[in-house]
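> Provided herewith is a single structure, encoded as structure tokens, for subsequent inquiry.
Residue numbers (my numbering), protein chains in the order written: chain A, 1 to 289; chain B, 290 to 600.
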């Protein structure tokens, strides 16, 4: 915005302010790295330094000892998490895009009423349905399995439907007419014309779903009781100090796990940036254009 | 501006075939939206009815459900911990939502200058927002500890910080600090809104000799007010439902000073198995969210600016 009107002193001021706040925001990361690399001898909170002083890599190897057994089967947790994440992504991509297509291209008198209903569910706090849904899954015999975390993902989410529909309405109508002339039915059009054109939206659905499924604590906390069925997020939560005051694991190891837990999401951000940025622009400019 | 769809005029001869088309179209519409519709009925409407009924009962999931009328709701408003939880949640929301908005607005403004290396800063400022809440909560148990990072830094400048997570008066501020660290997701939305404003407006204002501050106040803010409004609503709803941070950092302590609605609801439902009582709590939360959202929505007419209205 109006870059040309910033003169040199002002530019320097902006850079200094940017660096100052940037450093404040980055400091917790440094602290996280520093703690995760501290040796067991320094492992008391007042000894942790801001910049890493020691590089005790053994913390990471210790974290990964006995990954499929013992009190913290991290390997199992990882597999459980990936199982939930992958099926959730498949479910959301499939269901949300179908529903979005219905709202974007099908004609029906009361379509707008249904769409408002869909949007209204976004305002509904999840806690209202939390207990009954729990009772339903328990009665279905699915307590202490990963399925209650996966099954709801196959019924589309309002937010995903909302932005995917916006992508679809941008597809020119002539394309549909041409496809109809070629004898494609609605499913054909959806699969062969629409899906390839909304790849950015599908990528965004995948990223959002990943972020939710990867980091969710409350869901697994409610449904899972065996530690062999934990997800990584629940496992990390369980190992952290406040929920586990006896401290079977030292702070450095918990911090190693937190660090590793953050890495996939950071990578996903770098690779998915361009898709997310398109979406964000869509949301951001919708009101101002 | 979106283009208007031009409706084709139908001749009287093909009215019958048009009716058939309408029917077919309707069927396809329901086929496509069926995943959502089934989920909506089975996982939202049904459970809502169930939850509403449950809120008038006493039930521990083992013995028979017992209808007790309004007792749950009456007891809720006698329950000191629940009232304290509402108060704490409000205080937290009242602090974290406006402060987060102001901070992210400031950040977005800074990052909207087109300078060298801005991509780097943008990523740096956004990075904390992508850290999963479990990881950031665990990290902040260390940062906010009595001799953690924050108090060490405060010590350098001669301030003796409290034990953030152990002192009644300080614990909610600790949560606000955690919320501020993850402010990047709000910032990104505001930033893209600021960037989508064309230069012409500013150029015109500059010709008239407007200052930077004046332009920010009377061009930038009004034009991005729909996005500010969006973030205000989602921020309020989100902060009223705070759970993971409380569960991981303090579990409501010290002495319920950081007890909030959802963590207390969770405790009642899944630790004490008071399903009816917890359901009543969920409905009170729903009512609070509804009322606050409506108030913000009403107020938006006064301060949210939609360009269409002027044109």
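Just so it is clear, CB atoms sit at the ideal spot from N, CA and C, and this is done for glycine as well.
1) Rounded to the nearest angstrom, what separates residue 85 (chain A) and residue 373 (chain B) at their Cα positions?
2) Which bits of chain A does residue 464 (chain B) rub up against, with CB to CB less than 9 angstroms?
3) Classify residue 539 (chain B): buried if its beta carbon has 16 or more other beta carbons within 10 angstroms, exposed otherwise.
4) Taking the beta carbon of residue 256 (chain A) as the centre, do at least 16 other beta carbons fall within 10 Å, making it buried, or is it exposed?
5) To the nearest whole angstrom, what separates the beta carbons of residue 537 (chain B) and residue 427 (chain B), a pair I think is in contact under 8 angstroms?
6) Residues in its own chain within less than 7 angstroms of residue 368 (chain B) by CB, not counting five upstream and five downstream?
7) On a CA-only basis, which of B:350, B:465, B:324 and B:410 is nearest residue 388 (chain B)? Give me that one, please.
8) If contacts are defined as beta-carbon pairs under 8 angstroms, then residue 114 (chain A) and residue 322 (chain B) qualify, I think. What distance do you get, rounded to the angstrom?
9) Put residue 389 (chain B) into one of helix, strand or coil per three-state DSSP.
10) With 16 other CB atoms within 10 Å as the buried threshold, where does residue 530 (chain B) fall?
11) If residue 37 (chain A) and residue 20 (chain A) are in contact, beta carbons under 8 angstroms, what's the gap, nearest whole angstrom?
12) Residue 123 (chain A) versus chain B: which residues are under 9 angstroms apart at the beta carbon?
13) Can you find the residues in the same chain that come closer than 8 angstroms, C-beta to C-beta, to residue 554 (chain B), ignoring five residues on each side of it along the sequence?
14) For residue 226 (chain A), I'd like the list of residues in its chain whose CB is within less than 7 angstroms of its CB, leaving aside the five on either flank, ordered along the chain.
15) Have a look at A:35, A:81, A:116 and A:13 and flag the residue whose alpha-carbon is nearest the alpha-carbon of residue 431 (chain B).
16) Indicate whether residue 99 (chain A) and residue 325 (chain B) have their beta-carbon atoms separated by less than 7 angstroms.
17) Residues in the same chain with beta-carbon distance under 6 angstroms from residue 190 (chain A), minus the five sequence neighbours each way, listed in chain order, please.
18) Could you pull the start and end residues of the alpha helix (DSSP H) that residue 168 (chain A) belongs to?
19) Could you tell me which residues DSSP pairs with residue 347 (chain B) in its beta bridges?
20) How many Å lie between residue 149 (chain A) and residue 469 (chain B) at the Cα?
21) Beta-carbon of residue 317 (chain B) versus every beta-carbon of chain A: anything under 7 angstroms?
22) Please classify residue 201 (chain A) as buried or exposed, where buried requires at least 16 neighbouring CB atoms within 10 angstroms.
23) Go ahead and pull the three-state DSSP assignment for residue 431 (chain B).
24) What beta strand (DSSP E) runs, 3 residues minimum, are completely inside the segment 32-66 of chain A?
25) Are the C-beta of residue 31 (chain A) and some C-beta of chain B separated by less than 7 angstroms?
26) How many whole angstroms separate the CB atoms of residue 95 (chain A) and residue 48 (chain A), which I take to be in contact at a CB cut-off of 8 angstroms?
27) When DSSP labels each residue in this structure, what does residue 217 (chain A) get in the three-state scheme?
28) Count the other CB atoms, across all protein chains shown, that sit within 10 Å of the CB of residue 186 (chain A); report buried if there are 16 or more and exposed otherwise.
29) From residue 641 (chain B) to residue 552 (chain B), what does the alpha carbon distance come to, in whole angstroms?
30) Taking only beta-carbon atoms, is residue 7 (chain A) less than 7 angstroms away from chain B?
31) Check whether the Cβ atoms of residue 461 (chain B) and residue 380 (chain B) sit closer than 7 angstroms, and answer yes or no.
32) Pull out every residue of the segment 418-434 of chain B whose Cβ sits closer than 7 angstroms to any Cβ of chain A, in chain order.
33) Under 7 angstroms, do residue 89 (chain A) and residue 206 (chain A) count as touching if we go by C-beta distance?
34) Looking at C-alpha atoms only, which residue of B:510, B:541 and B:565 is the closest neighbour of residue 592 (chain B)?
35) Is the beta carbon of residue 472 (chain B) sitting closer than 7 angstroms to the one on residue 585 (chain B)?
36) Drop a sphere of 10 angstroms on the beta-carbon of residue 310 (chain B), count the other beta-carbons inside from all chains shown, and report buried for 16 or more, exposed for fewer.
The answer reads as follows:
1) As a working note, residue 85 (chain A) is residue 85 in the first chain. As a working note, residue 373 (chain B) is residue 84 in the second chain. Cα to Cα, the separation comes out at about 37 angstroms.
2) Numbered from 1 along the second chain, position 175 holds the residue referred to as residue 464 (chain B). What residue 464 (chain B) touches in chain A: nothing, since even the nearest Cβ is about 13 angstroms away.
3) For this step, residue 539 (chain B) is matched to residue 250 along the second chain. With 16 or more other Cβ atoms within 10 Å, it is buried.
4) On the first chain, position 256 is the one that residue 256 (chain A) refers to. By the neighbour-count rule (16 or more Cβ atoms within 10 Å), residue 256 (chain A) is buried.
5) Translated into positions along the second chain, residue 537 (chain B) becomes position 248. Translated into positions along the second chain, residue 427 (chain B) becomes position 138. Confirmed, Cβ separation roughly 7 angstroms.
6) As a working note, residue 368 (chain B) is residue 79 in the second chain. Nothing listed; no residue qualifies.
7) Residue numbering aside, residue 388 (chain B) sits at position 99 when the second chain is read from its first letter. Among B:350, B:465, B:324 and B:410, the Cα nearest to that of residue 388 (chain B) belongs to B:465.
8) Translated into positions along the first chain, residue 114 (chain A) becomes position 114. Translated into positions along the second chain, residue 322 (chain B) becomes position 33. So it is a contact: roughly 7 angstroms between Cβ atoms.
9) By 1-based counting over the second chain, the position of residue 389 (chain B) is 100. Correct three-state label for residue 389 (chain B): helix.
10) For this step, residue 530 (chain B) is matched to residue 241 along the second chain. Buried is the call here.
11) Residue numbering aside, residue 37 (chain A) sits at position 37 when the first chain is read from its first letter. Residue numbering aside, residue 20 (chain A) sits at position 20 when the first chain is read from its first letter. Actually they do not touch by this definition, with Cβ atoms about 26 angstroms apart.
12) Within the first chain, numbered from 1, the residue matching residue 123 (chain A) stands at position 123. Under the 9 angstroms cutoff, chain B gives 522, 526, 578, 579 and 582.
13) Within the second chain, numbered from 1, the residue matching residue 554 (chain B) stands at position 265. Closer than 8 angstroms at Cβ, skipping near neighbours: 567, 570, 571 and 574.
14) Along the first chain, one-based indexing puts residue 226 (chain A) at 226. Excluding positions up to five away in sequence, the list reads 144.
15) Numbered from its first residue, the second chain carries residue 431 (chain B) at position 142. Of the candidates A:35, A:81, A:116 and A:13, the one whose C-alpha sits nearest the C-alpha of residue 431 (chain B) is A:35.
16) Reading the first chain from its first residue, position 99 is the one you call residue 99 (chain A). Reading the second chain from its first residue, position 36 is the one you call residue 325 (chain B). Going by C-beta atoms, residue 99 (chain A) is nearer than 7 angstroms to residue 325 (chain B).
17) Position 190 of the first chain, counting from 1, holds the residue named residue 190 (chain A). 101, listed in sequence order.
18) Looking up residue 168 (chain A) in the first chain gives position 168. That run of the alpha helix (DSSP H) goes 158-169.
19) Numbered from 1 along the second chain, position 58 holds the residue referred to as residue 347 (chain B). DSSP lists B:355 as partners of residue 347 (chain B).
20) Locating residue 149 (chain A) in the first chain gives position 149, where the first residue counts as 1. Locating residue 469 (chain B) in the second chain gives position 180, where the first residue counts as 1. Cα-Cα distance, rounded: 29 angstroms.
21) Stepping through the second chain from its first residue, residue 317 (chain B) is reached at position 28. At least one chain A Cβ lies under 7 angstroms of residue 317 (chain B).
22) Reading the first chain from its first residue, position 201 is the one you call residue 201 (chain A). It counts as buried.
23) Residue 431 (chain B) sits at position 142 when you count from the first residue of the second chain. In the structure shown, residue 431 (chain B) sits in a helix (DSSP, three-state: H, G or I).
24) none
25) As a first step, residue 31 (chain A) must be located in the first chain, where it is residue number 31. Interface residue, yes.
26) One-based indexing of the first chain puts residue 95 (chain A) at position 95. One-based indexing of the first chain puts residue 48 (chain A) at position 48. Not quite, the Cβ-Cβ distance comes to about 46 angstroms (not below 8 angstroms), so this is no contact.
27) The residue you call residue 217 (chain A) lines up with position 217 of the first chain. Residue 217 (chain A): coil per DSSP, three-state reduction.
28) For this step, residue 186 (chain A) is matched to residue 186 along the first chain. With 16 or more other Cβ atoms within 10 Å, it is buried.
29) In the structure displayed, chain B extends from 290 to 600; residue 641 (chain B) sits before or after that span and is not available.
30) Taking the first chain and counting its residues from 1, one reaches residue 7 (chain A) at position 7. Cβ-Cβ to chain B under 7 angstroms: no for residue 7 (chain A).
31) The sequence position of residue 461 (chain B) within the second chain is 172, counting from 1. The sequence position of residue 380 (chain B) within the second chain is 91, counting from 1. For residue 461 (chain B) and residue 380 (chain B), yes; Cβs fall inside 7 angstroms.
32) 419, 420, 421, 422, 423, 424, 427, 428, 430, 431, 432 and 434
33) Within the first chain, numbered from 1, the residue matching residue 89 (chain A) stands at position 89. Within the first chain, numbered from 1, the residue matching residue 206 (chain A) stands at position 206. Result yes, Cβ atoms of residue 89 (chain A) and residue 206 (chain A) sit closer than 7 angstroms.
34) Locating residue 592 (chain B) in the second chain gives position 303, where the first residue counts as 1. Closest by alpha carbon: B:510.
35) What you label residue 472 (chain B) is simply residue 183 of the second chain in a count that begins at 1. What you label residue 585 (chain B) is simply residue 296 of the second chain in a count that begins at 1. No. Outside cutoff.
36) For this step, residue 310 (chain B) is matched to residue 21 along the second chain. Classification of residue 310 (chain B): exposed, given that the 10 Å Cβ count is below 16.
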